[in-house]
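Participant:
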Amino acid sequence: MAELKAEGKIRHIGISNVTEEQLREAQQIVPIVSVQNRYNVTDRRSESMIDLCEQEQLTFLPWAPVQEADKNPAVTQAAQRHGVSTHQVVLAWLLASSPQILPIPGTGSPGHAEENIAAAAVELSPDEVAAISKG
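Per this note's numbering, the very first residue in the sequence shown carries number 67; after that it's consecutive.
1. Once the 5 residues before and after ASN83 are set aside, which same chain residues still bring their CB inside 8 Å of it?
2. Between which two residues does the alpha helix (DSSP H) carrying ILE95 extend?
3. In or out: ILE85 buried (at least 16 other Cβ within 10 Å) or exposed?
4. May I ask you to report which of helix, strand or coil DSSP gives VAL141?
5. Quick check: ALA144 and ALA197, are their CB atoms within less than 9 Å of each other?
6. Opposite PRO128 in the DSSP bridges: which residues?
7. Along the alpha helix (DSSP H) that carries ILE198, what are the first and last residues, could you check?
8. Should the stretch 110-125 be regarded as contacting the stretch 170-187, the criterion being three or more beta carbon pairs within less than 8 Å?
9. My assumption, with CB atoms under 8 Å, is that ALA185 sits in contact with GLN146. Please give the rounded CB distance.
10. Cβ atoms of ALA140 and ASN106: under 9 Å apart, would you say?
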């Protein structure tokens, strides 16, 4: 990848499913612009990676961002209060959690894509963000 970047064949390099140590190792070889690790309301093992991405100004792309959204009671309550789906609340929570997070949820239809996009307009209160974060 470093050779392809040096040749101008690729512009940016992101890595996926890595530890902090692996990220640091990759950064010694080539500039890294993003990290894509699993992260959602029930699987937050990459929390420290998000902190590191904030420090390094790297984009963090959570995969499986809306998985098990309805297993968090605070998500369900926020969805009812805002009149939106639990998936939209989880996407709004991710966006509110860190400026480095860029969720890319999957979609199977234009309507679902519109619902995902509309999640950016859902404004969760700091208390809602904290409640969702506590699980």
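Ideal Cβ placement from N, Cα and C applies to all residues, glycine included.
Facilitator: Taking the geometry as given:
1. GLN102, ASN103, ARG104
2. 86-95
3. The identity of residue 85 in the sequence shown is Thr, whereas the question assumes Ile. Per the 10 Å Cβ criterion, exposed.
4. helix
5. yes
6. ASN103
7. 192-200
8. no
9. Actually they do not touch by this definition, with Cβ atoms about 15 Å apart.
10. no
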